[in-house]
Amino acid sequence: SQQGEEDPQALSIQEGENATMNCSYKTSINNLQWYRQNSGRGLVHLILIRSNEREKHSGRLRVTLDTSKKSSSLLITASRAADTASYFCATANQAGTALIFGKGTTLSVSS
Amino acid sequence: GAVVSQHPSWVICKSGTSVKIECRSLDFQATTMFWYRQFPKQSLMLMATSNEGSKATYEQGVEKDKFLINHASLTLSTLTVTSAHPEDSSFYICSARPRTSGPLNEQFFGPGTRLTVL
Chain A
22 SQQGEEDPQA LSIQEGENAT MNCSYKTSIN NLQWYRQNSG RGLVHLILIR
72 SNEREKHSGR LRVTLDTSKK SSSLLITASR AADTASYFCA TANQAGTALI
122 FGKGTTLSVS S
Chain B
376 GAVVSQHPSW VICKSGTSVK IECRSLDFQA TTMFWYRQFP KQSLMLMATS
426 NEGSKATYEQ GVEKDKFLIN HASLTLSTLT VTSAHPEDSS FYICSARPRT
476 SGPLNEQFFG PGTRLTVL
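One line per chain: the protein sequences are A and B, in this order. Using this note's numbering, you'd call the opening residue of the first sequence number 22 and step up by one each time. Using this note's numbering, you'd call the opening residue of the second sequence number 376 and step up by one each time.
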């Protein structure tokens with residue numbers, strides 16, 4: 022079963038613009054993670070935000086978490102063509118072991 | 376550090392044959408490994424959780440007799456797709472949870488294996 026739902030499903034922007042992706046989840050969490058996947062490749066871990074954190078930064082990435090709304094957002098600032106990929110949020114399953122992934126947002130950045 | 380490899384990276388097989396995919400943690404011990412399947416333009420779906428030395432736990436809807444998982448050591452888990460059919464064609468990704476992983480549920484993902492069944 023899938024925990025998270027991302028929106029939008031697809032996003033096309035120009036280089037230099039900001040990209041915002043949202044993720045909603047259903048159950049209580051200890052933390053939420055964001056991953057990137059280039060086409061046909063494995064996952065790259067981007068950032069983890071704990072349930073007691075509201076915002077976290079890493080380079081051009083900014084993640085927010087609103088546990089009252091069970092939602093998170095990933096902002097990529099000053100996007101580059103190399104940011105073109107699919108982005109997934111993930112939370113732990115009920116056992117707290119495996120990760121359950123959202124449907125993902127496919128980002129396309131054109132130069 | 377924390378590298379997970381998968382072998383092979385891609386495989387093409389005939390319908391009815393079996394295919395084995397290996398997942399190795401190269402520089403850490405993994406008490407738990409996970410197998411995911413990803414169909415084109417879809418998300419990763421958890422198939423099973425594999426604990427070293429014990430039977431794998433399969434997610435609902437995943438046939439344990441078709442997808443055989445063996446976690447024989449702290450650095451190796453294998454997924455065997457038995458009697459493969461074209462609908463088994465997918466991208467299979469493993470992840471490994473270090474023995475020292477804390478409450479943050481740290482996991483490291485392999486690069487994936489592309490299976491095509493003709």
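Yeah, the Cβ is synthetic: ideal placement off N, Cα and C, and Gly gets one too.
query                                                                                                                                                                                     : result
According to DSSP, is residue 473 of chain B part of a helix, a strand, or is it coil?                                                                                                    : strand
Rounded to whole angstroms, what is the Cα-Cα separation between residue 393 of chain B and residue 471 of chain B?                                                                       : 24 Å
Alpha carbon to alpha carbon, what distance is there between residue 441 of chain B and residue 455 of chain B?                                                                           : 8 Å
So, with DSSP's three-state summary, where would you put residue 397 of chain B?                                                                                                          : strand
Opposite residue 387 of chain B in the DSSP bridges: which residues?                                                                                                                      : B:491
Rounding to the nearest angstrom, what Cα-Cα distance links residue 119 of chain A and residue 92 of chain A in this structure?                                                           : 20 Å
Between A:100, A:111, A:110, A:115, which lies nearest to residue 34 of chain A when the distance is taken from Cα to Cα?                                                                 : A:100
Apart from the five residues on each side of it in sequence, which residues of its chain come closer than 6 Å, Cβ to Cβ, to residue 489 of chain B?                                       : 385, 466
How far does the beta strand (DSSP E) with residue 445 of chain B in it extend, from its first residue to its last?                                                                       : 442 to 448
Against residue 418 of chain B, what residues of chain A qualify as contacts under a CB-to-CB distance less than 8 Å, listed in chain order?                                              : 23, 109, 122, 123, 124, 125
Excluding the five sequence neighbours on either side, which residues of its own chain have a C-beta within less than 8 Å of the C-beta of residue 458 of chain B, listed in chain order? : 391, 392, 393, 441
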